[in-house]
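*Asks:* Residue numbers (numbering that gives the first Met the number 0): 0 to 264. Please see the structure below; I have some questions.
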Amino acid sequence: MTNKPKIGLALGSGSARGMAHIGVIKALEEQGINIDMVSGSSAGALIGGLYCSGIKPDMIKKLSVQIDKKLWMDFSFPRRGILKGEKIEEILRIITGEKQIEDLDKKLAIVATDLKKAEGVVFTSGPISKAIRASISIPGFFEPVEHNGILLVDGGVVDRVPISVVKDMGADIVIAVDVGFSDYNSRVFHLLDIMQQSIDVMAKRILEADKIYADIILEPPLSHIDSSQFERVEECAEIGYNCAREKMDDILKVIDTYEKNHLIE
0 MTNKPKIGLA
10 LGSGSARGMA
20 HIGVIKALEE
30 QGINIDMVSG
40 SSAGALIGGL
50 YCSGIKPDMI
60 KKLSVQIDKK
70 LWMDFSFPRR
80 GILKGEKIEE
90 ILRIITGEKQ
100 IEDLDKKLAI
110 VATDLKKAEG
120 VVFTSGPISK
130 AIRASISIPG
140 FFEPVEHNGI
150 LLVDGGVVDR
160 VPISVVKDMG
170 ADIVIAVDVG
180 FSDYNSRVFH
190 LLDIMQQSID
200 VMAKRILEAD
210 KIYADIILEP
220 PLSHIDSSQF
230 ERVEECAEIG
240 YNCAREKMDD
250 ILKVIDTYEK
260 NHLIE
């Protein structure tokens with residue numbers, strides 16, 4: 000009898016480029032690859048959290064396209080962030096059905112950053128909506144989230160693709176998705192682009208040490224898409240889907256090798 004591997008998915012940050020995670024998950028599902036656990040930072044926390052709460056990739060894409068930004072943009076007096084983030088947390092609470100992370104069928108870990116200590120904080124329990132809200136809090140754009148006496152901001156600040164997190168969750172095989180960095184070729188630099196690029200500069204060096212824990216690293220070609228271009232959701236999802244399809248033979252080979260090496264008498 001074959002001992003089926005527990006497959007973990009590590010989804011990285013990247014704002015609009017993170018919508019590529021939708022396509023990656025869709026390709027894995029179509030191939031019949033069961034994802035047992037997910038870790039995510041920022042955009043990866045958003046897509047991974049929605050997926051683990053039971054929402055299928057096509058529906059996530061549809062929600063991403065159809066939800067008007069006016070519904071979640073609650074401007075704040077810019078003392079700690081341009082947006083309060085209360086509206087987006089409420090939308091997430093409704094979409095996820097007020098589910099708790101510990102009650103999900105798939106294991107989920109969402110990474111945020113302790114602003115004062117500059118350390119990662121990993122959510123493995125509590126409301127999904129609160130954890131996602133913390134993880135997507137790009138400094139200066141969203142107000143930080145106060146949780147248990149600490150201020151939390153975007154998970155990508157300290158752990159852009161949380162590979163070791165999902166490995167520590169018990170994954171036998173880790174598939175990591177790094178949506179990369181933007182070339183920022185657009186003529187207009189949006190504030191979100193500037194903030195995300197600042198995070199990217201810090202995150203580039205941190206990721207390298209974590210890559211050794213991944214069995215497969217998917218790197219969808221998304222450098223032509225800026226962080227603020229959320230109107231390109233469908234394009235990002237398609238690029239992610241095609242990238243996963245192109246690497247599918249490698250993914251299946253890793254799974255097959257594990258199963259052959261872990262036969263139960």
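Idealized CB from N, CA, C, for every residue including glycine.
Going by CA-CA distance only, name the one from V173, I46, R244 that's closest to E29.
*Replies:* For the purposes of this step, residue 29 is taken as the residue at position 30 of the sequence shown. Residue R244 is the option with its Cα nearest to E29.
*Asks:* Compare the beta carbon distance of V176 and H20 with 7 Å and say whether it is the shorter of the two.
*Replies:* Within the sequence shown, residue 176 is the residue found at index 177, counting from 1. Within the sequence shown, residue 20 is the residue found at index 21, counting from 1. Yes, they are a contact pair.
*Asks:* Relative to the C-alpha of E141, which candidate in G148, D182, V152, I172 has its C-alpha closest?
*Replies:* Stepping through the sequence shown from its first residue, residue 141 is reached at position 142. Correcting the residue type first, residue 141 is Phe in the shown sequence and not Glu. Minimum Cα distance to F141 is reached at V152.
*Asks:* Whole angstroms is fine: what's the gap from N147's alpha carbon to G155's?
*Replies:* The count along the sequence shown starts at 1 and reaches residue 147 at position 148. The count along the sequence shown starts at 1 and reaches residue 155 at position 156. Each residue's Cα considered, the two are about 20 Å apart.
*Asks:* Return the Cβ separation of I215 and K259 in integer angstroms, given the expectation that the two are a contact with Cβ distance under 8 Å.
*Replies:* Start at 1 with the first residue of the sequence shown, and residue 215 comes out as number 216. Start at 1 with the first residue of the sequence shown, and residue 259 comes out as number 260. So it is not a contact: roughly 17 Å between Cβ atoms.
*Asks:* For I149, write down the residues that DSSP places opposite it in a beta bridge.
*Replies:* Sequence index remark: in the sequence shown, residue 149 carries index 150 (1-based). BP columns for I149 point to H146.
*Asks:* Start and end of the beta strand (DSSP E) containing K116?
*Replies:* If you number the sequence shown from 1, residue 116 lands on position 117. Element bounds for K116: n/a, residue is neither H nor E.
*Asks:* Out of V253, S227, H261, which has the shortest C-alpha to C-alpha gap to G17?
*Replies:* Walking along the sequence shown from the start, residue 17 turns up at place 18. Among V253, S227, H261, the Cα nearest to that of G17 belongs to S227.
*Asks:* Report the CB separation of K98 from S52 in whole angstroms; it is logged as a contact under 8 Å.
*Replies:* The residue given as residue 98 occupies position 99 in the sequence shown. The residue given as residue 52 occupies position 53 in the sequence shown. With 8 Å as the limit, K98 and S52 qualify as a contact, their Cβ atoms being about 5 Å apart.
*Asks:* State the Cα-Cα distance for the pair S163 and T112, rounded to the nearest angstrom.
*Replies:* Here the question's residue 163 lines up with position 164 in the sequence shown. Here the question's residue 112 lines up with position 113 in the sequence shown. Computed Cα separation, rounded: 16 Å.
*Asks:* Provide the residue span of the alpha helix (DSSP H) that contains S163, from first to last.
*Replies:* Taking the first residue of the sequence shown as position 1, residue 163 is located at position 164. Start and end: 162-167.
*Asks:* For G96, name the three-state secondary structure that DSSP assigns.
*Replies:* Residue mapping note: residue 96 aligns to position 97 of the sequence shown, counting from 1. In the structure shown, G96 sits in coil (DSSP, three-state: anything other than H, G, I, E or B).
*Asks:* Is V178 near A9, with beta carbons less than 7 Å apart?
*Replies:* For the purposes of this step, residue 178 is taken as residue 179 along the sequence shown, with counting starting at 1. For the purposes of this step, residue 9 is taken as residue 10 along the sequence shown, with counting starting at 1. No, these two residues do not count as a Cβ contact at 7 Å.
*Asks:* Whole angstroms are fine: how far does the CA of E88 sit from the CA of I149?
*Replies:* As a working mapping, residue 149 is identified with position 150 in the sequence shown. As a working mapping, residue 88 is identified with position 89 in the sequence shown. Between I149 and E88, the C-alpha separation is close to 18 Å.
*Asks:* For my contact list, C242 and V23 are in at a C-beta cut-off of 8 Å; report their separation, rounded to the angstrom.
*Replies:* Residue mapping note: residue 242 aligns to position 243 of the sequence shown, counting from 1. Residue mapping note: residue 23 aligns to position 24 of the sequence shown, counting from 1. Right, the Cβ-Cβ distance comes to about 7 Å (below 8 Å), so this counts as a contact.
*Asks:* What are the partner residues of K246, as DSSP defines its beta bridges?
*Replies:* Looking up residue 246 in the sequence shown gives position 247. Answer is none; K246 lacks a bridge partner.
*Asks:* Between A44 and F229, is the Cβ-Cβ spacing less than 7 Å?
*Replies:* Reading the sequence shown from its first residue, position 45 is the one you call residue 44. Reading the sequence shown from its first residue, position 230 is the one you call residue 229. No, the Cβ-Cβ distance between A44 and F229 is not below 7 Å.
*Asks:* Counting C-beta neighbours from all protein chains within 10 Å, is the total for T256 16 or more, i.e. buried, or is it exposed?
*Replies:* Translated into positions along the sequence shown, residue 256 becomes position 257. Exposed is the call here.
*Asks:* Using C-beta distances below 6 Å, list every residue in its chain close to E101, excluding the 5 sequence neighbours before and after it, in chain order.
*Replies:* In the sequence shown, counting from the first residue as 1, residue 101 sits at position 102. Only S124 meet the Cβ criterion.
*Asks:* Roughly how many angstroms separate the alpha carbons of A236 and K116, rounded to a whole number?
*Replies:* In the sequence shown, the residue the question calls residue 236 occupies position 237. In the sequence shown, the residue the question calls residue 116 occupies position 117. Distance between the alpha carbons of A236 and K116 is about 34 Å.
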